[in-house]
Amino acid sequence: KILIDGGIRFGTDIFKALAFGADGVLICRPFVTAVYGGEKEGVKLYIEKLAAELKDTMAMCGAFSLSEITKDMVRR
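Under the numbering used here, the residues of the sequence shown are numbered 129 to 204, in order.
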(Lines of atoms letter the chains of each structure in order from A; the text may use other names.)
(Lines give C-alpha, C1' and ligand atoms only; values in the text may rest on other atoms or scores of the structure.)
Protein backbone atom coordinates (compact mmCIF):
# COMPACT_ATOMS: atom_id res chain seq x y z
CA LYS A 129 0.00 0.00 0.00
CA ILE A 130 1.11 3.55 -0.76
CA LEU A 131 0.08 6.21 1.76
CA ILE A 132 0.93 9.88 1.24
CA ASP A 133 1.71 12.01 4.28
CA GLY A 134 2.70 15.65 4.39
CA GLY A 135 1.18 18.67 2.74
CA ILE A 136 -2.33 17.27 2.45
CA ARG A 137 -4.63 20.15 3.39
CA PHE A 138 -7.46 20.23 0.84
CA GLY A 139 -9.71 17.88 -1.08
CA THR A 140 -7.74 18.76 -4.21
CA ASP A 141 -4.58 17.44 -2.52
CA ILE A 142 -6.35 14.15 -1.80
CA PHE A 143 -7.49 13.96 -5.43
CA LYS A 144 -3.96 14.53 -6.74
CA ALA A 145 -2.45 11.94 -4.41
CA LEU A 146 -5.00 9.33 -5.48
CA ALA A 147 -4.55 10.26 -9.14
CA PHE A 148 -0.83 9.61 -8.93
CA GLY A 149 -1.27 6.18 -7.39
CA ALA A 150 -1.65 6.57 -3.64
CA ASP A 151 -3.95 4.11 -1.91
CA GLY A 152 -4.72 6.71 0.75
CA VAL A 153 -3.57 9.86 2.48
CA LEU A 154 -2.60 10.67 6.05
CA ILE A 155 -3.56 14.01 7.54
CA CYS A 156 -2.42 15.19 10.98
CA ARG A 157 -1.67 18.88 11.48
CA PRO A 158 -5.00 20.22 10.14
CA PHE A 159 -6.85 17.87 12.48
CA VAL A 160 -4.80 19.04 15.46
CA THR A 161 -5.67 22.62 14.52
CA ALA A 162 -9.34 21.66 14.16
CA VAL A 163 -9.36 20.01 17.60
CA TYR A 164 -7.81 23.02 19.30
CA GLY A 165 -9.99 25.47 17.41
CA GLY A 166 -13.29 23.71 17.65
CA GLU A 167 -13.00 20.37 19.45
CA LYS A 168 -15.32 17.65 18.05
CA GLU A 169 -17.30 20.15 15.99
CA GLY A 170 -14.09 21.52 14.47
CA VAL A 171 -13.00 18.04 13.39
CA LYS A 172 -16.46 17.30 11.99
CA LEU A 173 -16.43 20.54 9.99
CA TYR A 174 -12.95 19.85 8.64
CA ILE A 175 -13.94 16.34 7.51
CA GLU A 176 -17.05 17.75 5.82
CA LYS A 177 -14.92 20.42 4.10
CA LEU A 178 -12.43 17.82 2.79
CA ALA A 179 -15.25 15.58 1.56
CA ALA A 180 -17.01 18.44 -0.23
CA GLU A 181 -13.79 19.62 -1.88
CA LEU A 182 -12.91 16.09 -3.01
CA LYS A 183 -16.43 15.50 -4.32
CA ASP A 184 -16.41 18.83 -6.22
CA THR A 185 -12.98 18.11 -7.72
CA MET A 186 -14.07 14.64 -8.79
CA ALA A 187 -17.23 16.04 -10.41
CA MET A 188 -15.25 18.68 -12.32
CA CYS A 189 -12.92 15.95 -13.61
CA GLY A 190 -15.67 13.49 -14.51
CA ALA A 191 -14.86 10.92 -11.83
CA PHE A 192 -17.93 9.52 -10.10
CA SER A 193 -16.07 7.15 -7.77
CA LEU A 194 -12.59 7.05 -6.26
CA SER A 195 -11.67 4.17 -8.56
CA GLU A 196 -12.32 6.39 -11.60
CA ILE A 197 -9.63 8.92 -10.62
CA THR A 198 -6.65 8.69 -13.00
CA LYS A 199 -3.42 10.61 -13.47
CA ASP A 200 -4.71 11.86 -16.84
CA MET A 201 -7.10 14.09 -14.86
CA VAL A 202 -4.22 16.10 -13.36
CA ARG A 203 -2.31 18.75 -15.31
CA ARG A 204 0.86 20.58 -14.42
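Where a beta carbon is used, it is the ideal one built from N, C-alpha and C, also for glycine.
(1) Within the segment 146 to 194, note down every full beta strand (DSSP E) run reaching 3 residues or more, in order along the chain.
(2) Measuring CB to CB, does L182 end up less than 9 Å from I130?
(3) On the DSSP bridge assignment, give the partners of I136 in chain order.
(4) Kindly indicate which residue of I132, E176, F148, A179 has the alpha-carbon position closest to the one of C156.
(5) Spatial neighbours of V202 within its chain, please: CB distance less than 6 Å, with the 5 preceding and 5 following residues excluded, ordered by chain position.
If we stick to the structure as given:
(1) 152 to 154
(2) no
(3) Partner(s): none; I136 has no beta bridge.
(4) I132
(5) K144, A147
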